[in-house]
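J.: 291 is the number of the first residue of the sequence shown in our numbering; add one for each residue after it.
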Amino acid sequence: MRYLHPSDEELRKAAGLPTSGSGKGKGRRDAKKGANIKDPEESFTFPRSTPIQLDVGKVEAIDLVHLHYFGEYLWIVDFAISAVAVYILTEIYYIFGQITEVNMSVMWCLLAIGFCTRVLISMTIAYFKAEDGGERILIATFGFMCLVVAMGVLVVDDNTLEFGLETGYNNFSEGANLLLEKQGIDSAGPVKFLTFKIILAFMCAIMGALLTFPGLRMAKLHLDTLKYCKESPGKQVLLYINFALPYILLVLWVKPLARDILCGLHWKITTKVFDETVFENVRICVFVVLCIFRLALMPLHIQSHLNLAYEKVESIRNESGRISNVDLKKMVTQVFYFVIIVVIQYITPVIILLFMAFLYKTLGGFSWSGSFGESTEEFVMSFRRASSLNETVATNTTATLVDKAAEFSLAFTELRSVFTPVFYRGLLSFLTWWVCAAWTMAMTFGLYYHSRVDA
291 MRYLHPSDEE LRKAAGLPTS GSGKGKGRRD AKKGANIKDP EESFTFPRST PIQLDVGKVE
351 AIDLVHLHYF GEYLWIVDFA ISAVAVYILT EIYYIFGQIT EVNMSVMWCL LAIGFCTRVL
411 ISMTIAYFKA EDGGERILIA TFGFMCLVVA MGVLVVDDNT LEFGLETGYN NFSEGANLLL
471 EKQGIDSAGP VKFLTFKIIL AFMCAIMGAL LTFPGLRMAK LHLDTLKYCK ESPGKQVLLY
531 INFALPYILL VLWVKPLARD ILCGLHWKIT TKVFDETVFE NVRICVFVVL CIFRLALMPL
591 HIQSHLNLAY EKVESIRNES GRISNVDLKK MVTQVFYFVI IVVIQYITPV IILLFMAFLY
651 KTLGGFSWSG SFGESTEEFV MSFRRASSLN ETVATNTTAT LVDKAAEFSL AFTELRSVFT
711 PVFYRGLLSF LTWWVCAAWT MAMTFGLYYH SRVDA
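(1) Could you give the distance in angstroms between the alpha-carbon of L598 and the alpha-carbon of V712?
(2) Checking the sheet assignment: what are the DSSP bridge partners for R612?
(3) Buried or exposed: E604, going by 16 or more other Cβ atoms within 10 Å of its Cβ?
(4) When DSSP labels each residue in this structure, what does V743 get in the three-state scheme?
(5) What are the start and end residues of each continuous alpha helix (DSSP H) run of 4 or more residues lying completely inside the region 447–489, in chain order?
(6) So what does R292 bridge to, in DSSP terms?
(7) Distance, Cα to Cα, P341 vs H295?
(8) Mark Q624 as exposed unless 16 or more other C-beta atoms lie within 10 angstroms of its C-beta, in which case mark it buried.
(9) When the distance is taken between beta carbons, is I592 closer than 8 Å to V622?
(10) Can you give the Cα-Cα distance for D447 and D550, rounded to whole angstroms?
(11) With C-beta atoms as the reference, is C406 less than 8 Å away from I582?
(12) Give the single residue among E471, I531, L444 whose Cα lies nearest to the Cα of I488.
(13) Which residue wins for smallest C-alpha separation from I531, given the options F564, L307, R584?
(14) Do Q635 and P504 have their CB atoms nearer than 8 Å?
(15) If we ignore side chains and look at the alpha-carbon of each, how far apart do G655 and Y518 end up?
(16) Out of T414, L721, T638, which one is the CA nearest neighbour of A402?
(17) By the DSSP assignment, the alpha helix (DSSP H) with S594 in it spans what residues?
(18) Does the distance from the CB of L717 to the CB of G458 come in under 8 Å?
(19) What is the DSSP secondary structure of I630, reduced to helix, strand or coil?
(20) Under 8 Å Cβ to Cβ from R426, same chain only, skipping five residues before and after it: list those, please.
(21) If you draw a straight line from the C-alpha of Y384 to the C-alpha of L653, how long is it?
(22) Roughly how many angstroms lie between the CA atoms of A304 and E350, to the nearest whole one?
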């Protein structure tokens, strides 16, 4: 529901001002062209303490069409839904099909992440072009801070933050060297691990700069939504869980606090909550739970933004002086005109995290069935073994196009020997964790600013 500003006549009546004359505001006639020329909107002032009633209207799709970034928002949502459907169908197929086939859902996940990143880049450039407000210096400062934090995180040993980045890169380097030797190419191999870390650190700084305002916006929406739901304890509990889930995700990668305790690896811990293979899948499932929570509670958060129009009108009643009707109308309408940007800042980090978790699961070689224990995993693997046997029999009997496609599939086989699941686990584990960390740092700063400084 959005708030609508009152008309000029309603404002005059509320302020006790005389109504406009019958001849005003209807236009005048141009003697040369013989056409009616509409007068500009009549401006007048009235006391800020005037009691003003705002009408309420339901937000319809037709109201959003003319708003900026609406096309980008519609495209992101439609493509994300399609990509999730493709991913689910692909995962179901891989239970009964050949796991050696090329997984096309990976391309859909990469495209979804790319579209969201493109929109975030477009918004960041728009903030940079703003002359006033300090957005430019805020983005630059937060990006530099993310660069420093990322360099510090990359130095931490795997026994503390278990990304497996060094193990994955060593596996990639060995596979690349073997492939180059097989092709007869003299090369020193890929770049050094230190150079690889520096490249990752600058990528982290860019992603942190892009997530600055989405994180700040999320903190503001969280505080406003809590205020409007103070009479509903159930909703408040859901909102606190929704805001705390990213922090829980970050802790799940801290080995002494997560794996050692939950998997019973610490010498003082005797109770094992998860097996180590199940623990990997649990971390991915928490990402999915986070996305479900954020999407389910999105209407409450967006409504809290639309309620700002009412709050602004109420706040000026405590101020002295006068305000013009034009300024009041702008104050009310600007809240609604900004709603698409708020929605995009709310939803794009969620979509990026969801599809990065999907990539982490698929390219890392994990299985959803592993989350339910070894018996379920063995049951699913029996389908794959039976499917592989049937495929082998069919290939030996027909042998039509398989021979012609051998050379084409050989290239993918050689690439798979370089880009192994071990490499993807290390790289995507770190990148997924960092996107969540950068978003969470921006939310933490926004929570402090809006609750203490801007209060």
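Built from N, CA and C at the ideal position, the CB exists for glycine as well.
T.: So, from the data block:
(1) 49 Å
(2) P337
(3) exposed
(4) helix
(5) 455–472
(6) G347
(7) 13 Å
(8) exposed
(9) no
(10) 15 Å
(11) no
(12) L444
(13) R584
(14) yes
(15) 44 Å
(16) T638
(17) 588–596
(18) yes
(19) helix
(20) Y417, F418, A420
(21) 13 Å
(22) 29 Å
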